[in-house]
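Residue numbers are given in full-length UniProt numbering: position 199 of the sequence shown equals residue 199, and the series is strictly consecutive.
The beta-carbon is built from N, C-alpha and C at its ideal position, and this holds for glycine as well.
Since the structure is predicted, the reported quantities are computational estimates derived from the model, not experimental observations.
Just below is one structure, and these are the notes that go with it.
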Amino acid sequence: MAEGIERLDRFMARAVAAYYARPASPFGRGGDFTTAPEISQAFGEVLGAWAAVVWDRMGRPDPVLLVECGPGRGTLMADALRAAGDVAPAFRAALRLHLVETSPALRDAQRRALGDAVAAWHDDLSALPAGPLLLLGNEFLDALPIRQFVRRGDGWAERHVADGAFHELPAADPPAWPDEAPEGAVREVCEAAEAIIQALARRLSTQRGAALFIDYGPAESCLGESLQAVSGQQGGIDPLAGPGTVDLTAHVDFEALATRAREAGAVAQGPLPQGLFLQRLGLMTRAAMLAQSRPRLAGDILSGAERLVAAEGMGRLFKALAVCDPALAPLPGFETP
Numbered sequence: 001m002a003e004g005i006e007r008l009d010r011f012m013a014r015a016v017a018a019y020y021a022r023p024a025s026p027f028g029r030g031g032d033f034t035t036a037p038e039i040s041q042a043f044g045e046v047l048g049a050w051a052a053v054v055w056d057r058m059g060r061p062d063p064v065l066l067v068e069c070g071p072g073r074g075t076l077m078a079d080a081l082r083a084a085g086d087v088a089p090a091f092r093a094a095l096r097l098h099l100v101e102t103s104p105a106l107r108d109a110q111r112r113a114l115g116d117a118v119a120a121w122h123d124d125l126s127a128l129p130a131g132p133l134l135l136l137g138n139e140f141l142d143a144l145p146i147r148q149f150v151r152r153g154d155g156w157a158e159r160h161v162a163d164g165a166f167h168e169l170p171a172a173d174p175p176a177w178p179d180e181a182p183e184g185a186v187r188e189v190c191e192a193a194e195a196i197i198q199a200l201a202r203r204l205s206t207q208r209g210a211a212l213f214i215d216y217g218p219a220e221s222c223l224g225e226s227l228q229a230v231s232g233q234q235g236g237i238d239p240l241a242g243p244g245t246v247d248l249t250a251h252v253d254f255e256a257l258a259t260r261a262r263e264a265g266a267v268a269q270g271p272l273p274q275g276l277f278l279q280r281l282g283l284m285t286r287a288a289m290l291a292q293s294r295p296r297l298a299g300d301i302l303s304g305a306e307r308l309v310a311a312e313g314m315g316r317l318f319k320a321l322a323v324c325d326p327a328l329a330p331l332p333g334f335e336t337p
């Protein structure tokens with residue numbers, strides 16, 4: 001057996017923590033990847049308006065926690081707060097902003113972007129104070145560590161990592177999947193994401209509120225491996241090489257997360273394609289208004305918004321999933337036409 005061998009999820013957790021602890025920002029054109037808030041300010045604005053509408057449907061609790069998981073440089077939340085202040089001043093006054101972020105470097109960036117709007121930072125969701133809650137998580141779940149199981153014979157092996165290579169060991173606790181999987185098939189499980197959704201669902205079912213996650217992955221659980229590494233806006237990099245120096249992500253299993261939410265007593269809505277969800281929230285209308293007010297940037301503004309909703313861009317691969325207390329369904333954007 002190779003020395004220093006560890007399960008894939010533990011390797012990924014260490015690598016992701018080291019990556020985001022670096023002083024260099026991974027976001028934007030000069031970084032490794034570009035997320036939706038960096039592509040269009042309309043993205044954060046329509047999510048801020050979404051939160052305001054949900055707050056109104058909750059009965060306007062004051063105070064209410066507004067939480068973002070994985071806030072990046074604070075771009076999404078800065079846009080959301082500005083929109084909330086414009087369309088719903090009462091919501092802006094009632095909200096208490098809490099950010100879930102472990103990286104000291106990113107906390108500094110968020111502090112610069114948001115200033116004293118932030119009530120507190122937390123390492124995880126368990127540290128949040130009690131009370132009604134609205135939560136946003138954009139490209140947060142995809143960075144959580146996954147386990148990979150490989151079909152071998154009539155059972156499953158689990159992937160471990162050592163010396164920059166995968167090693168398969170007999171799976172001690174494989175999930176109960178159907179036996180039809182072909183030889184060599186890979187199934188991924190993100191226990192961290194499932195635990196977060198279950199905890200949120202239990203909280204929301206008793207303390208009121210809603211959580212909105214936007215990320216990429218299939219709508220239904222499926223076989224296949226999706227672990228990938230990105231650096232300098234380029235993919236196709238060995239995810240085991242240079243841990244802590246490249247961005248590691250994996251597809252989100254939305255069906256599994258929706259199931260966990262329902263098991264814990266909450267309502268799960270979606271997943272919906274991001275493009276459909278954002279169009280229902282009026283993203284293209286907002287982008288057109290921004291383009292009209294900034295004619296020199298109109299082309300970039302409209303092309304950025306189109307990238308978020310177009311099927312050939314991010315509109316189909318990315319999905320929106322909401323979890324809420326039963327009294328709130330259906331949420332904006334998830335209504336049946």
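Could you pull the DSSP bridge partners for residue i from this structure?
i: Ser231; result: Gln234
i: Asp215; result: Lys319
i: Leu95; result: Val64
i: Val189; result: Arg147
i: Cys324; result: Ala210, Val267
i: Leu134; result: Leu66, Ala210
i: Arg203; result: In DSSP, Arg203 forms no bridge with anything.
i: Arg152; result: Gly155
If the criterion is Cβ atoms closer than 8 angstroms, does the pair residue i and residue j meet it?
i: Ser103; j: Tyr20; result: yes
i: Ala157; j: Pro175; result: no
i: Leu141; j: Phe213; result: yes
i: Leu97; j: Ala117; result: yes
i: Val67; j: Leu114; result: no
i: Ala80; j: Ala51; result: yes
i: Ala241; j: Gly164; result: yes
i: Arg57; j: Leu328; result: yes
i: Gly131; j: Pro63; result: yes
i: Leu308; j: Gln269; result: no
i: Ala310; j: Ile301; result: no
i: Ile5; j: Ala162; result: yes
i: Ala211; j: Leu200; result: yes
i: Gly72; j: Phe27; result: yes
i: Pro23; j: Ala105; result: yes
i: Lys319; j: Gly217; result: yes
Tell me which residues share the same chain as residue i and place their Cβ nearer than 6 angstroms to its Cβ, disregarding the 5 neighbours each side in the sequence.
i: Phe166; result: Arg159
i: Leu144; result: Cys190, Ala192, Ala193
i: Gln198; result: Arg260, Ala264
i: Pro326; result: Val267
i: Asp123; result: Thr102
i: residue 338; result: Nothing in the structure corresponds to residue 338, since the chain is present only between 1 and 337.
i: Gly48; result: Ala80, Ala83, Ala84
i: Ser231; result: Asp32, Ile237, Val246
i: Ala18; result: Gly244
i: Cys69; result: Val100, Gly137, Phe140
i: Gly209; result: Pro132, Leu133, Leu134
Look up residue i in the DSSP assignment and say whether it is helix, strand or coil.
i: Val252; result: coil
i: Trp55; result: helix
i: Phe277; result: helix
i: Gly209; result: strand
i: Asp108; result: helix
i: Pro37; result: helix
i: Gly333; result: coil
i: Gly4; result: coil
i: Ala171; result: coil
i: Gly313; result: helix
i: Val165; result: Here residue 165 is Ala; the residue named in the question, Val, does not match the sequence. Of the three classes helix, strand and coil, the one that applies to Ala165 here is strand, per DSSP.
i: Arg29; result: coil
i: Val246; result: coil
i: Leu128; result: coil
i: Leu240; result: coil
i: Leu141; result: helix
i: Leu272; result: strand
Beta-carbon within less than 8 angstroms of residue i's beta-carbon, same chain only, minus the 5 sequence neighbours each way: which residues are those?
i: Leu223; result: Ala181, Ala185, Val186, Arg187
i: Ser221; result: Asp253, Glu255, Ala256
i: Glu45; result: Asp79, Ala80, Arg82, Ala83, Arg286
Mind checking which residues open and close the beta strand (DSSP E) that includes residue i?
i: Glu158; result: 155-162
i: Val16; result: From DSSP, Val16 is part of no beta strand (DSSP E) but of the alpha helix (DSSP H) over 8-21.
i: Val67; result: 64-69
i: Ala119; result: 118-122
Near residue i, which residues of its chain fall below 7 angstroms by C-beta distance, leaving aside the five closest residues on each side in sequence?
i: Gly31; result: Ser25
i: Ala229; result: Ile237, Asp238, Pro239, Val246, Asp247, Leu248
i: Arg151; result: Ala181, Pro182, Glu183, Gly184, Ala185
i: Glu280; result: The sequence as given places Arg at residue 280; Glu does not occur at that position. Gly333, listed in sequence order.
i: Ala13; result: Pro145
Just reading off the alpha helix (DSSP H) that residue i is part of, what are its end residues?
i: Arg82; result: 75-87
i: Val309; result: 298-309
i: Ala288; result: 283-293
Comparing the C-beta of residue i with each C-beta of chain B, is any distance below 8 angstroms?
i: Ile196; result: Given the protein chain composition of this structure (a single chain), no chain B is represented.
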